[in-house]
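Before any comments, here is the structure.
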Amino acid sequence: MSSTDISINKDVHHAHEEHDHHHDQNFFEKYIFSQDHKVIGKQFLFMGIFWAFIGGFLSILFRLQLGWPDATFTFLEPILGGWVANGKIDPEFYLAMVTMHGTIMVFFVLTAGLSGTFSNFLIPLQIGARDMASGFMNMLSFWFFFLASIVMFISLFLETGPAGGGWTIYPPLSALPQAIKGSAGGMTMWLVSMALFIVSQLLGGVNYITTVINLRTKGMSMTKLPLTIWAFFLTAILGLLSFPVLFSAALLLIFDRSFGTSFYLSDIYIGGEALAHTGGSPILFQHLFWFLGHPEVYIVILPTFGIVSEVIATNARKPIFGYRAMIGSLLGISLLSFVVWAHHMFVTGMNPFLGSVFMFLTLIIAVPSAVKVFNWLATLWRGNIRFTTAMLFAVAFVSLFISGGLTGIILGNSSLDIQLHDTYFVIAHFHLVMGAAAFFGMFTGVYHWFPKMFGRMLDEKLGAVHFWMTFVSVYLVFMPMHYLGIAGFPRRYYSWSTFEAFNVFADMNSFISIAAIMGFSAQFIFLFNFIYSIFRGRRASANPWHSNTLEWTTPPLPGHGNWPGEIPAVYRWPYDYSKPGSVEDYIPQTVPFSQTQSSNLPNERDQE
Amino acid sequence: MSTSTTLEAPNTGTWDGGNEPLKASYGKLMMWFFLLSDAFTFGAFLIVYGLSRHKHLPYTGEPDAFTFSTEWWPIPEKVFNAFPGFHGVDLPLAFVALMTMILILSSVTMVLAVEAGHRMDKNDVQKWLLWTILFGAIFLGCQAWEWAHFITGDETGMLMADGTRIFGANLTMNQYGPPLFADLFFFITGFHGTHVFSGVILLLMIFINTVNGVYHKRGHYEMVEKVGLYWHFVDLVWVFVFTFFYLI
Chain A
1 MSSTDISINK DVHHAHEEHD HHHDQNFFEK YIFSQDHKVI GKQFLFMGIF WAFIGGFLSI
61 LFRLQLGWPD ATFTFLEPIL GGWVANGKID PEFYLAMVTM HGTIMVFFVL TAGLSGTFSN
121 FLIPLQIGAR DMASGFMNML SFWFFFLASI VMFISLFLET GPAGGGWTIY PPLSALPQAI
181 KGSAGGMTMW LVSMALFIVS QLLGGVNYIT TVINLRTKGM SMTKLPLTIW AFFLTAILGL
241 LSFPVLFSAA LLLIFDRSFG TSFYLSDIYI GGEALAHTGG SPILFQHLFW FLGHPEVYIV
301 ILPTFGIVSE VIATNARKPI FGYRAMIGSL LGISLLSFVV WAHHMFVTGM NPFLGSVFMF
361 LTLIIAVPSA VKVFNWLATL WRGNIRFTTA MLFAVAFVSL FISGGLTGII LGNSSLDIQL
421 HDTYFVIAHF HLVMGAAAFF GMFTGVYHWF PKMFGRMLDE KLGAVHFWMT FVSVYLVFMP
481 MHYLGIAGFP RRYYSWSTFE AFNVFADMNS FISIAAIMGF SAQFIFLFNF IYSIFRGRRA
541 SANPWHSNTL EWTTPPLPGH GNWPGEIPAV YRWPYDYSKP GSVEDYIPQT VPFSQTQSSN
601 LPNERDQE
Chain B
1001 MSTSTTLEAP NTGTWDGGNE PLKASYGKLM MWFFLLSDAF TFGAFLIVYG LSRHKHLPYT
1061 GEPDAFTFST EWWPIPEKVF NAFPGFHGVD LPLAFVALMT MILILSSVTM VLAVEAGHRM
1121 DKNDVQKWLL WTILFGAIFL GCQAWEWAHF ITGDETGMLM ADGTRIFGAN LTMNQYGPPL
1181 FADLFFFITG FHGTHVFSGV ILLLMIFINT VNGVYHKRGH YEMVEKVGLY WHFVDLVWVF
1241 VFTFFYLI
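One line per chain: the protein sequences are A and B, in this order. First residue of the first sequence? That's 1 in the working numbering, and the numbers climb one at a time after it. First residue of the second sequence? That's 1001 in the working numbering, and the numbers climb one at a time after it.
Right under this line is the structure:
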């Protein structure tokens, strides 16, 4: 399996190619309108962090209201202005806050901030490419996201407030500007912003997919890809197929709102007066929305599956358990994510038989999810675990995913959902399984790849403090919510103290709010650590975690084109950790089998 | 690998990296994936059409006795039976059949342009692109007439419950049947028309590039091929739109 002449020719060719990459760039080309995937990834990360703090801050505001419903918050008047009258938060603004919290967290942080950061940063580095397939489209992707962000941000400051119909913007509420303040200008801007956001996702998505298909380095077959790449690849496909349907739904809603059509509207009376709309169906919108909405939750969680698999294998110093099963379960989850959307609609009056079909399909998702969890646990089992901050977050991710996933099995039952629908049980479920878990996956990624992003290390001690405060408060916030939910405590209620049945939960609600404030405060530790370490952190070596994947064969701060010399070729899978017979406890993908004869397995001998 | 002195070469199978496994450049792959995505957009709209139509009652009487009413979904042949210059003559679906023919013809000329590109025949590429642009523009013109006629309506109009008559259609009322019929017609054919319009703009751009010899200098006419993919997709979508609105 060796040939002399071929590799010599290639060397010459690549040396030439490298020359083209070194041309001087001015500040704008380098940092603002950059076409370099690493800079674009960081731009997405900074925007994601910015939005995460806004989204988190909104949740603290409405947690204040929920924790102390009868208190007066005069101290909020300087921040919220007219939205606080006599110390009471305006009820319509409360609805706008929960809407924006959901929208910001789901789309702007955990979709753009997560996929945008790590797909951009890691795909070319881990598959061995100089950059994305189209750097220009990649840049456009960020700037469309930036435009969407500006529109959404401005809508926060409208006099009628931002969108207020819930992040799912169900019509008729969202379609009728006269219904609530949150359906006026804020809703229009929400729709415009999301249309721009979908364009950004599309531009990014086709780029990720084609890059993975066409730009893998020599030897990097699909079964030698790190699981991160598989996860990003499938996430991009999910986004590509589901976001256009949201686009369709949003366009039709724009027509209903602004041009008098009746796609979603029929037989509505407002203030005793009949509206002209006739013939439409609001349930239709729910079908279209959840056809996006359900894959969307996997768009949020799949990238973190990849990140966590990678970090757990690296820091347990063990090969990932069941590599192919991990790919298979990713594929299975992706496929199933398109056929379960109606489990969000069990109580809309749909045919109970249809409900049981969707229930059946929904419960099947537990199988690939359980495969993943078992594989993570089996990877950790008897590993030489190094508890870096990234590893702490990765292990906690598995914990959160189990806790949140188990309640998913309960909620997936169409009959149980009648009781639990729109209660805090649902809130607890999805915040654990896709909210907190995805955030933990994102932190895992940031702590693990920070050295490659900025050439410096994050402080591990501050990281540990950040981790424990976040981890403890996440459970303190969401565990009690299960009890509230089972008791029937409804979500999206501004004031519950007038209901006799819920008054007994006053202390529990205050407790949750205190825990939420603690969790939010902990994020400032992260913010400090992040910003401080960019400038003053300990300098990182090229491969600080002794990891196998290709990005660690680049210099500590890879330049334009990623590898100064030729792009390395790949000979083995990325998980050769602690291989018996090997000198080191890791063998990078770039090491041929001929150099590791002492550790080769019988089936690898013929590749020597 | 700079550190290794080995002569071992990595695997070189179809999916082993370092090549284009689907034998397509990244640009062409991107176009394919974009079209897949766009197919879902149109798919959603056509499903909206199907469900909305299913919600309304069909007309059950004799076809000859058919009248426009908001009670039932109209029979397409009775709505789209006009032809420019043949006022008052009942020519069901004649005009839309002509439009469809023109669009399909433009697909044929597009194929010829792509084929000429493979031969690096600049003159033929120009010629066939120009024909494609022409047919595309004629289709848009036909659609404008079709819309104008649909909006204006005919002399009979529809008798409303309060005794007034309405003529033609817009987004809130419709002489041919339920308002949703007109909403969907305007929205879906409009969305498709926007795609055709973008296609014509793209074709004009690559036509100018071809005339300037950009692709000839580049050594290949792949851009013509990519725009061709888009153009065929738009044609294919029309076949579905046509089936949904006019045939069933």
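Idealized CB from N, CA, C, for every residue including glycine.
Self-check item: Contact list for V570 (chain A) against chain D, beta-carbon separation under 8 Å
Solution: Checking the listed chains, one finds no chain D in this structure; the protein chains it contains are A and B.
Quiz item: Is it a yes or a no for the segment 354-373 of chain A touching the segment 421-432 of chain A, going by three-plus beta-carbon pairs under 8 Å?
Solution: no
Quiz prompt | Pairwise C-alpha distance: V297 (chain A) and L1051 (chain B) | solution = 26 Å
Quiz item: Can you give the Cα-Cα distance for R538 (chain A) and F530 (chain A), rounded to whole angstroms?
Solution: 12 Å
Quiz item: So with Cβ pairs under 7 Å, would you call R622 (chain A) a contact of chain B?
Solution: Because chain A here runs from 1 to 608, residue 622 (chain A) falls outside it and cannot be looked at.
Quiz prompt | Three-way DSSP call (helix, strand, coil) for I89 (chain A) in this model | solution = In the structure shown, I89 (chain A) sits in a strand (DSSP, three-state: E or B).
Practice problem: List the residues of chain B that G280 (chain A) touches, going by C-beta distances under 8 Å, in chain order. | Solution: Ordered by position in chain B, the residues that pass the 8 Å Cβ test against G280 (chain A) are S1052 and L1180.
Practice problem: Please list, in chain order, all residues of the same chain as A15 (chain A) whose beta carbon is under 6 Å from its beta carbon, the five residues on each side excluded. | Solution: Confidence at A15 (chain A) is low in this model, with a pLDDT of 39, below 50, so its placement is unreliable and no value can be given for it.
Exercise. Output yes if chain B places a C-beta closer than 7 Å to the C-beta of I270 (chain A); else output no.
Key: Closer than 7 Å: no.
Exercise. Using a Cβ-Cβ cut-off of 7 Å, state whether Y1049 (chain B) counts as contacting chain A.
Key: no
Self-check item: H466 (chain A), buried or exposed, once every other Cβ within 10 Å from all chains shown has been counted against 16
Solution: buried
Exercise. Pick helix, strand or coil for E29 (chain A), following the three-state DSSP scheme.
Key: helix
Quiz item: Counting Cβ pairs closer than 8 Å, one from the segment 206-221 of chain A and one from the segment 161-168 of chain A, do we hit at least three?
Solution: The count of Cβ pairs closer than 8 Å, one atom from the segment 206-221 of chain A and one from the segment 161-168 of chain A, stays below three, leaving the stretches out of contact.
Practice problem: Can you check DSSP and say which residues form a bridge with V84 (chain A)? | Solution: DSSP lists A:I89 as the bridge partner or partners of V84 (chain A).
Practice problem: Would you list, in sequence order, the uninterrupted alpha helix (DSSP H) runs of no fewer than 4 residues that lie entirely inside the segment 208-291 of chain A? | Solution: 227-258
Practice problem: Output, in chain order, the set of chain A residues within a Cβ distance shorter than 8 Å of L1036 (chain B). | Solution: At a C-beta separation below 8 Å, L1036 (chain B) has these neighbours in chain A: L240 and L241.
Practice problem: Please say whether S582 (chain A) and S594 (chain A) have beta carbons closer to each other than 7 Å? | Solution: no
Quiz item: From what residue to what residue does the alpha helix (DSSP H) around Q65 (chain A) run?
Solution: H37 to G67
Quiz item: Which of the three DSSP states, helix, strand or coil, is assigned to T1070 (chain B)?
Solution: coil
Quiz item: Does the beta-carbon of F107 (chain A) have 16 or more other beta-carbons within 10 angstroms, so that it is buried, or is it exposed?
Solution: buried
Quiz prompt | Unbroken stretches of the alpha helix (DSSP H), 4 residues or longer, contained in the segment 1165-1245 of chain B | solution = 1179-1211, 1214-1218 and 1222-1242
Quiz prompt | Under 7 Å from the C-beta of P1021 (chain B): neighbouring residues of chain A | solution = I213
Practice problem: Per DSSP, which residues does T423 (chain A) bridge with? Please list them. | Solution: A:P490
Self-check item: Contact set between T210 (chain A) and chain B, taken where Cβ atoms lie within less than 8 Å
Solution: Residues of chain B passing the Cβ test: Y1026, L1029, M1030 and F1033.
Quiz item: Since F1040 (chain B) meets chain A, which of its residues come closer than 7 Å, beta carbon to beta carbon?
Solution: L241, P244 and V245
Exercise. Would you decide whether M453 (chain A) is buried or exposed? Buried here means 16 or more other CB atoms lie within 10 Å of its CB.
Key: Residue environment analysis places M453 (chain A) among the buried positions, since at least 16 neighbouring C-beta atoms fall within 10 angstroms of its C-beta.
Self-check item: Inter-stretch contact (C-beta, 8 Å, three-pair minimum) for the segment 255-270 of chain A and the segment 1177-1192 of chain B
Solution: yes
Self-check item: Separation of S541 (chain A) from V446 (chain A), as counted between CA atoms
Solution: Cα atoms of V446 (chain A) and S541 (chain A): separation of roughly 17 Å, rounded to the nearest angstrom.
Quiz item: Run through DSSP, which three-state label would M1158 (chain B) get?
Solution: strand
Quiz item: In whole angstroms, what separates the C-alpha of T1070 (chain B) from that of L227 (chain A)?
Solution: Between T1070 (chain B) and L227 (chain A), the alpha-carbon positions lie close to 56 Å from each other.
Exercise. Determine the DSSP secondary structure at A324 (chain A), reduced to helix, strand or coil.
Key: At residue 324 (chain A) the sequence reads Arg, which differs from the Ala that was named. The answer is helix: DSSP assigns R324 (chain A) an H, G or I state.
Quiz item: Who are the neighbours of A276 (chain A) on chain B, taking C-beta pairs under 7 Å?
Solution: Chain B residues near A276 (chain A): T1172.
Quiz item: Name the chain A residues whose beta carbon is nearer than 9 Å to that of A1169 (chain B)?
Solution: Here the premise fails: no neighbours, minimum Cβ distance about 12 Å.
Quiz prompt | CB contact check: D1183 (chain B) to chain A, cutoff 7 Å | solution = Interface annotation, D1183 (chain B): in contact with chain A, CB-CB separation under 7 Å.
Quiz item: In the structure shown, what three-state DSSP assignment does Y586 (chain A) receive?
Solution: strand
Quiz item: What are the residues that DSSP puts in a beta bridge with G186 (chain A)?
Solution: A:P162
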